[in-house]
Structures are given as C-alpha cells and as structure tokens.
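These notes are about the structure you will find just below.
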Amino acid sequence: MRLSEAITIYLAIGAPFGVSYFLRGGRRQKRTRAFLKSTGALLLWPVTATIFLFLPPPAALKLAETTTNHQRAREVEKIEQAQSEMLAALYRVAELAARRFTAGDETRERAVREVRESIEGYAGLTLAAAHSSADAPPSKRDMELCRVAGRTGADLLIAGRCTHRRNHTRLISHQARSRTTLLHALADLRELANDERADSSENLQVARQLSVAFLKFYGRAINLFSLLEDERAARAAARLLEAECARLQRLEALDREAAPATFAGEESCTHAHHSAFNHARSQRTPLMPG
-18 MRLSEAITIY LAIGAPFGVS YFLRGGRRQK RTRAFLKSTG ALLLWPVTAT
32 IFLFLPPPAA LKLAETTTNH QRAREVEKIE QAQSEMLAAL YRVAELAARR
82 FTAGDETRER AVREVRESIE GYAGLTLAAA HSSADAPPSK RDMELCRVAG
132 RTGADLLIAG RCTHRRNHTR LISHQARSRT TLLHALADLR ELANDERADS
182 SENLQVARQL SVAFLKFYGR AINLFSLLED ERAARAAARL LEAECARLQR
232 LEALDREAAP ATFAGEESCT HAHHSAFNHA RSQRTPLMPG
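Here our numbering is used: the first residue of the sequence shown is -18, the next is one more, and so on.
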C-alpha cells in the first residue's frame, strides 16, 4: 500500500468525526474556531473516537438531567399534596374538638398552630436533607464564603468541602429536631381530646366523630412520613393511631351501653383503622431511588 493511499484511508475514517465535532460546536462557537477544532478532531480521530466512546454525548447528559428533575418534581408534588391532606385533616380535628369541648379554646388553637408549623418545617427540612449529601462538591456559596475569608488555591477547595459538610451536618441535625418536635406536637394534640366522659348522647356522638377524625389525621401523617421515607416517624404515628383506635373502641362500648343502635353515618374503629392505612399505601412512593 502506498503512503498516499494510507493517508487517504486515514482521512476518510476521520472525516465523520470531524463533521460530527463541527456540528456539535458550530452553533455555540464561531465558525472559524469550530472549523479549526473539527479539523483537529479529523486529524486526531483515534483520540476523538476514544472521547466519543467513553464520554456520553451532551444530549444524553441533558436527557438524564431532565428526567431526574422531572422525577424529583413529581415526588415533591406528591409530598406537597400529602402535606395539604394532612393539614386538612388537622383542621377537621380542630373543628370537632371545638364542638366537643367548651373550654380551653386558646390551648387547642395553640396546639393546632404548633402542629401546623411543625408539619411545614419538618417537610421542608426533610426534602432538603434528602437532596443533600456530605460527599457532594461544595456549592458556589460555600466557595464564596471561603474566598471572602481569604482562602486561595488548594486550601480554598478544602475549606469549601469542610464548609459544605458542616452545613450538611447542621441540616441533618435540624431535620431530626424538627421530627421530634412534630411527633411531640402530634401526641400533645391528642392529649387535649383525651376525655372520654360524655354527659349526653350528643356529646358521645361528637366524641366518636372526633376520634374518627384523629384516625384519619394520623393516617395522613403516616402517608406523609412514608413518602418522605421516614420510617421512625411513621412507626411513631402508627402507635398514636393504634392508641386512638383503642379509645374509639371504648367510646363505641359506651355507645352500646347507652343505646343498642349505632348512630347512622358513623364508622367503627375497624373500618376507620384500615381506611387510614389504605390511603397511605396507595400513595407510597420512595423519595429517592435506591
């Protein structure tokens, strides 16, 4: 084989790589610069082929990023919906509690407000903690803080990583504290309605309605905790739900003693207990893959 033939074959193989490189960078760069780079890719096509083989194309990277963002947006949307349903159930509990008890309005309002604020704070911190990683590279804000502090060169990168890990640790600590605050608020709210005495059949009926509302409220809480993948909080809410179910059974026993017939439109503890869990199971979706 002659040298000219070898050169022709070499350039013919490299031509597709040069054209591909030109089409990729031609829109983002000046034509002269893109032409020079594509010529280099043509002449050094073995290197260009290696790069194309081991590095994914920008379109694939963009598609993967778009898919990840879309999945994350859907997960956040489901969590926000579960949070809204839990708040709606909370307001229903507050409404029935106001009908059940004539005293202690300020105490109940304060307890409801604490639960609402705890739900909002916990959900926001848990979402932020789920999307944070101690091994992730430092953000621009972390690097800027270290740069203002006088860090430069390799020391700047190390300081940025330390700052990022410190912020991540603080975020995890705040999230754990918000979970504890929310669980205490849920338990305190139930204690405000922990009066099973009834001086009339009407009060007994409202007490049963309030207990059923608590069951649905704790069911919504389990749903939210499941979507956020917080097993510890879900177990705590399940214990509250079981305790409330036991109270509803006692109220139903009092109801049977007062009158053989049950009230129309009311559901027993067995049905309420399972309906609360079924809603959580139907919407359970992991927050993060893996």
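All C-beta atoms in this analysis are idealised placements derived from N, C-alpha and C, irrespective of residue type, glycine included.
Quick one: give me the first and last residue of the alpha helix (DSSP H) that residue i is part of.
{"i": "Asp116", "result": "Per DSSP, Asp116 belongs to no alpha helix (DSSP H) and is neither H nor E."}
{"i": "Glu172", "result": "Gly134 to Leu173"}
{"i": "Phe16", "result": "Arg12 to Leu24"}
Please classify residue i as buried or exposed, where buried requires at least 16 neighbouring CB atoms within 10 angstroms.
{"i": "Cys274", "result": "Here the chain comprises residues numbered -18 to 271, so residue 274 is not present and cannot be evaluated."}
{"i": "Thr29", "result": "buried"}
{"i": "Val0", "result": "exposed"}
{"i": "Gln64", "result": "buried"}
{"i": "Ile100", "result": "buried"}
{"i": "Ser159", "result": "buried"}
{"i": "Val129", "result": "exposed"}
{"i": "Ala140", "result": "buried"}
{"i": "Gln156", "result": "buried"}
{"i": "Ala194", "result": "buried"}
How many angstroms separate the CA atom of residue i from the CA atom of residue j?
{"i": "Ser120", "j": "Val93", "result": "37 Å"}
{"i": "Arg171", "j": "Phe82", "result": "13 Å"}
{"i": "Ala15", "j": "Leu4", "result": "9 Å"}
{"i": "Tyr103", "j": "His145", "result": "21 Å"}
{"i": "Leu68", "j": "Asp211", "result": "18 Å"}
{"i": "Val187", "j": "Tyr72", "result": "15 Å"}
{"i": "His112", "j": "Arg189", "result": "41 Å"}
{"i": "Asp136", "j": "Ala22", "result": "36 Å"}
{"i": "Ala214", "j": "Arg12", "result": "59 Å"}
{"i": "Leu235", "j": "Ala227", "result": "13 Å"}
{"i": "Ala218", "j": "Met124", "result": "40 Å"}
{"i": "Leu173", "j": "Arg231", "result": "17 Å"}
{"i": "Asn184", "j": "Ala70", "result": "21 Å"}
{"i": "Ser207", "j": "Leu229", "result": "25 Å"}
{"i": "Leu209", "j": "Leu164", "result": "15 Å"}
{"i": "Glu(-14)", "j": "Thr31", "result": "24 Å"}
{"i": "Lys197", "j": "Asn204", "result": "10 Å"}
{"i": "Ser19", "j": "Leu138", "result": "34 Å"}
Going by the beta-carbon positions, is the gap between residue i and residue j smaller than 8 Å?
{"i": "Tyr199", "j": "Glu233", "result": "no"}
{"i": "Leu222", "j": "Ala168", "result": "no"}
{"i": "Leu17", "j": "Ile60", "result": "no"}
{"i": "Ala166", "j": "Val74", "result": "no"}
{"i": "Arg89", "j": "Ala78", "result": "yes"}
{"i": "Ala110", "j": "Ile153", "result": "yes"}
{"i": "Ala202", "j": "His149", "result": "no"}
Which ranges does the alpha helix (DSSP H) cover as unbroken runs of at least 4 residues, wholly within the region 66 to 111, from first to last along the chain?
86 to 111
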